[in-house]
Amino acid sequence: MSIFISRSRVISKYFQPSIFFNCNTQNTLQNRFVSNSMIKMTKRVPSKNFGEYKQSIWVEFTTLAAQTKAVNLGQGFPDTPCPKFVADYLKEIGEHPERVDYMQYTRGFGDPRLTLALSKLYSRTLGVNVNQNNDVLVTVGAYLALYYSFTAWLNKGDEVLVIEPTYDSYVPQITAAGGTPVPVVLKLDKSNIKNGLSSADFKLDINALEEKITPKTKMLVLTNPNNPIGKLYSRKELEAIAKFVEKHDLIVVSDEVYEWHVPHATKKANGEGMIRFASLPNMYDRTITIGSAGKAFSITGWKIGWTIAPEHLSLPMRMLHQNCTFNVATPLQVAIARGFEKELTIFEKYDKSGDEKLLEDSYLLNILPNELESRRDKLANILMKANLTPIVPEAGYFMLADYSSVNLEENGKKIFDVIKEPKYGSINGEDEALDYKFVRWLCIEKNLATIPLSAFYSKEFKKDNEYTIRTCFFKSDSTLEKAEKILLALKK
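Residues in the sequence shown are numbered from 1317 upward in steps of one, following this note's numbering.
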């Protein structure tokens, strides 16, 4: 087929995964490996793809939050119970050790029960026939699904358009695969600021994408709903992107792990809800969709994700998987499969009858959206009471907050100066964005963990967004109430 001829359809030459290093410089690594030996350093130099990267922001701020025992609005996970039915399914599996098929290796590309459930689910949501055996690949979390997407399809010098702000793992993964990330920034339209800002006010300029196109451009990464801002792309926006990628024959990696996190209020406001990119005409053929059970069922610790893609895109990823991970935890896959089967039964009954009352029992379409909407509105009100300006998300479970109203000086000195010897990074470094300093201070001095927005931008755009932090509102009432006390104290 001609589909394999164009540059965008040439698979990567790289299939051997390298080791990720949490270090700041190559010298640090060399010292670590040879400090206690007389071994020559000539062979102890790590891959250039990883050596220049600092440790992940999640390593830094997760550790800091744990050490300070801070109220955690930083990391994206709920601290409320997961759906009982999913936990019960796993419990039932554990009570039957005689079920050898649940306790041993399953099919390498995904347990048949889970791949069947996912094929039915995505055939329904994408409006295409998703093949259980060829189009579905189960991975150890969405992180690995992304890694496979980049490693299997990028060659040295291939350029990847990344719409910022964006999840921070994309850039190092793209670089590790030999690719070159090319940032394109969403612009915040503040013309409606008097009525309150929404994630919908972040606009994508297609012309900005066009300006970044070169003969080396091979891929575009789309995050919908967007992390960190909670933007839910409209059909009009997605159709413009579809026209663009078709024009330039690009592969699209569509990270849709928050696909079920769309409050009912958003659906009513835009009349559309979640539109999956691969559901648009002719887009399934060029799209790798990323999904997550951890996000769907609030079980992030289970680390089960997947890719949904046509066979010609999926095949090299499966080749990589079989020689890298080989298999994913069988009992977890079976429990998740049963969770989706429960949801599919509700969907099928609704399709036949059209009775919307049937959807009231759906965790994905009703219970989860209701819970999200309630907690989103609660945190938005808390932020406004504290004189911080929220940018209310349309979807996902993160909310941005502008903290420029906070007094950053005490007795003529910056409040950050009270931290003499920070354990992570240089808090007073001139090259560091202000929100990093503010977030560290907030965690160490006030015991509230958040994430700096600038962490989601490339270096050239970090300081354009340094008065904004990211918070997670999918937290228990007690966590939000503790956060409220801390935030209100900032007004004084």
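A virtual CB, placed ideally from N, CA and C, is assigned to each residue, including glycine.
Predicted, not measured: the structure shown is a model, and the values here were computed from it.
Euclidean distance between Cα positions of E1657 and A1433: Against the sequence shown, residue 1657 aligns to sequence position 341. Against the sequence shown, residue 1433 aligns to sequence position 117. Taking the Cα positions, E1657 is about 6 Å away from A1433.
Where does A1382 land, buried or exposed, given buried means 16+ other C-beta within 10 angstroms? Position 66 of the sequence shown holds residue 1382. Flag for A1382 reads exposed.
With 16 other Cβ atoms within 10 Å as the buried cut-off, status of T1308: Residue 1308 is absent from the model: the chain starts at 1317 and stops at 1808.
Tell me which same chain residues have a C-beta within less than 6 Å of the C-beta of N1279, skipping the five on either side of it? The question about residue 1279 has no answer, for the chain in this structure spans 1317 to 1808.
Would the beta-carbon of K1416 fall within 8 Å of that of T1431? Counted from its first residue, the sequence shown places residue 1416 at position 100. Counted from its first residue, the sequence shown places residue 1431 at position 115. Sequence check: residue 1416 is Val here, not Lys. Taking 8 Å as the Cβ cut-off, V1416 and T1431 do not qualify as a contacting pair.
Using only alpha-carbon positions, find the residue among V1561, P1768, S1363 and N1697 that is nearest to T1533. Looking up residue 1533 in the sequence shown gives position 217. Comparing Cα-Cα distances from T1533 to each of V1561, P1768, S1363 and N1697, the minimum goes to V1561.
Does the distance from the C-beta atom of W1576 to that of L1680 stay below 8 Å? The residue given as residue 1576 occupies position 260 in the sequence shown. The residue given as residue 1680 occupies position 364 in the sequence shown. Yes; because the gap between Cβ atoms is below 8 Å, this pair is in contact.
Going straight from the alpha carbon of M1715 to that of L1648, what length do you get? Your numbering for residue 1715 matches position 399 in the sequence shown. Your numbering for residue 1648 matches position 332 in the sequence shown. When rounded, the distance between both Cα atoms is 30 Å.
Collapsed DSSP secondary structure at S1351 in the structure displayed: Here residue 1351 refers to the residue found at position 35 when the sequence shown is read from its first residue. Only weak support is given to the placement of S1351: the predicted model assigns it a pLDDT of 49, under 50, and the value that follows is read from those uncertain coordinates. DSSP places S1351 in coil when its eight states are reduced to three.
Please state the DSSP three-state secondary structure of G1443. Residue 1443 sits at position 127 when you count from the first residue of the sequence shown. DSSP places G1443 in coil when its eight states are reduced to three.
Round the Cβ separation of G1426 and S1608 to the nearest angstrom and send it over; I've been treating them as touching at under 8 Å. Along the sequence shown, one-based indexing puts residue 1426 at 110. Along the sequence shown, one-based indexing puts residue 1608 at 292. With 8 Å as the limit, G1426 and S1608 do not qualify as a contact, their Cβ atoms being about 14 Å apart.
How should M1535 be labelled, buried or exposed, when 16 other C-beta atoms within 10 angstroms of its C-beta is the threshold for buried? As a first step, residue 1535 is located in the sequence shown; it is residue number 219 there, counting from the start. Under this definition M1535 is a buried residue.
If you draw a straight line from the alpha carbon of V1578 to that of E1710, how long is it in whole angstroms? Translated into the one-based positions of the sequence shown, residue 1578 becomes position 262. Translated into the one-based positions of the sequence shown, residue 1710 becomes position 394. Those two C-alpha atoms are separated by around 7 Å.
Go ahead and label K1547 buried or exposed: buried means 16 or more other beta carbons lie within 10 angstroms of its beta carbon, across all protein chains shown. As a first step, residue 1547 must be located in the sequence shown, where it is residue number 231. Buried is the call here.
Rounded to whole angstroms, how far is the Cβ of L1477 from the Cβ of K1528, which I believe are closer than 8 Å? What you label residue 1477 is simply residue 161 of the sequence shown in a count that begins at 1. What you label residue 1528 is simply residue 212 of the sequence shown in a count that begins at 1. L1477 to K1528, Cβ: 6 Å. Contact.
Any idea if T1344 is buried or exposed, counting beta-carbon neighbours within 10 angstroms, 16 or more meaning buried? As a working mapping, residue 1344 is identified with position 28 in the sequence shown. Reliability of the predicted coordinates at T1344 is poor, the pLDDT of 47 falling under 50, and no value is obtained from them.
Beta-carbon proximity of T1641 to Y1418, cut-off 8 Å: Here the question's residue 1641 lines up with position 325 in the sequence shown. Here the question's residue 1418 lines up with position 102 in the sequence shown. Contact flag unset, no.
Which runs of the alpha helix (DSSP H) fall wholly inside the stretch 1604-1662 and span at least 4 residues, in chain order? For secondary structure counted as the alpha helix (DSSP H) over 4 or more consecutive residues, the stretch 1604-1662 holds these complete runs in sequence order: 1609-1612 and 1627-1638.
Any contact between the stretch 1460-1471 and the stretch 1484-1492? By contact I mean 3 or more CB pairs, one from each, below 8 Å. yes
Can you say whether G1495 is buried or exposed, counting buried as having 16 or more other CB atoms within 10 angstroms of its CB? Within the sequence shown, the letter at position 179 stands for residue 1495. By the beta-carbon neighbour count (other beta carbons within 10 angstroms, threshold 16), G1495 is buried.
Using only the alpha-carbon positions, how far apart do G1741 and N1703 sit? If you number the sequence shown from 1, residue 1741 lands on position 425. If you number the sequence shown from 1, residue 1703 lands on position 387. No answer about G1741 holds up, because its pLDDT of 47 lies below 50 and its placement is not dependable.
Between which two residues does the beta strand (DSSP E) holding R1786 run? Residue 1786 sits at position 470 when you count from the first residue of the sequence shown. Counting along the chain, the beta strand (DSSP E) containing R1786 begins and ends at T1784 to C1788.
What residue from I1327, P1428 and P1544 has the CA that sits closest to N1471's CA? Residue 1471 sits at position 155 when you count from the first residue of the sequence shown. The shortest Cα separation from N1471 among I1327, P1428 and P1544 belongs to I1327.
Quick one: what's S1570 bridged to in DSSP? Working through the sequence shown from its first residue, we reach residue 1570 at position 254. Paired residue(s): L1538 and T1605.
Since T1533 sits in a beta bridge, which residues does DSSP pair it with? Within the sequence shown, numbered from 1, the residue matching residue 1533 stands at position 217. In DSSP, T1533 forms a bridge with E1475.
Would you give the residue range spanned by the alpha helix (DSSP H) that I1707 belongs to? Along the sequence shown, one-based indexing puts residue 1707 at 391. I1707: not part of any alpha helix (DSSP H); member of the beta strand (DSSP E) spanning T1705 to V1708, first to last residue.
Just verifying my parser: in three-state terms, what is the DSSP assignment at F1772? Residue numbering aside, residue 1772 sits at position 456 when the sequence shown is read from its first letter. Helix.
Which residue's Cα is closest to the Cα of W1513: G1589, I1373 and P1706? Sequence index remark: in the sequence shown, residue 1513 carries index 197 (1-based). The displayed chain sequence assigns Leu, not Trp, to residue 1513. Looking at the Cα atoms, P1706 is the closest of the given residues.
For L1520, report the span of its beta strand (DSSP E) as first-last. Counting from 1 along the sequence shown, the entry for residue 1520 is found at position 204. Neither: L1520 is in no beta strand (DSSP E) and is coded neither H nor E.
Residue closest to K1791, alpha-carbon to alpha-carbon, out of E1687, T1482 and V1568: As a working note, residue 1791 is residue 475 in the sequence shown. The shortest CA-to-CA distance from K1791 to any of E1687, T1482 and V1568 is the one to E1687.
Within a Cβ cutoff of 6 Å, which residues of the same chain sit near K1436, ignoring the five residues on either side of it in sequence? Locating residue 1436 in the sequence shown gives position 120, counting from the first residue. So the qualifying residues of the chain are L1660.
DSSP state of I1698, grouped into three classes? One-based indexing of the sequence shown puts residue 1698 at position 382. The answer is helix: DSSP assigns I1698 an H, G or I state.
Give me the Cα-Cα distance between S1794 and R1691, rounded to the nearest whole angstrom. Sequence index remark: in the sequence shown, residue 1794 carries index 478 (1-based). Sequence index remark: in the sequence shown, residue 1691 carries index 375 (1-based). Each residue's alpha carbon lies about 12 Å from the other.
How is K1385 classed by DSSP in three states: helix, strand or coil? Against the sequence shown, residue 1385 aligns to sequence position 69. Coil at K1385, not helix or strand.
May I ask which residues mark the beginning and end of the beta strand (DSSP E) holding T1795? Counting from one through the sequence shown, the residue named residue 1795 turns up at place 479. Run containing T1795: none in the beta strand (DSSP E); it sits in the alpha helix (DSSP H), D1793 to A1805.
Buried versus exposed call for N1508 [16 or more other C-beta atoms within 10 Å across all chains shown]: Locating residue 1508 in the sequence shown gives position 192, counting from the first residue. N1508 comes out exposed.
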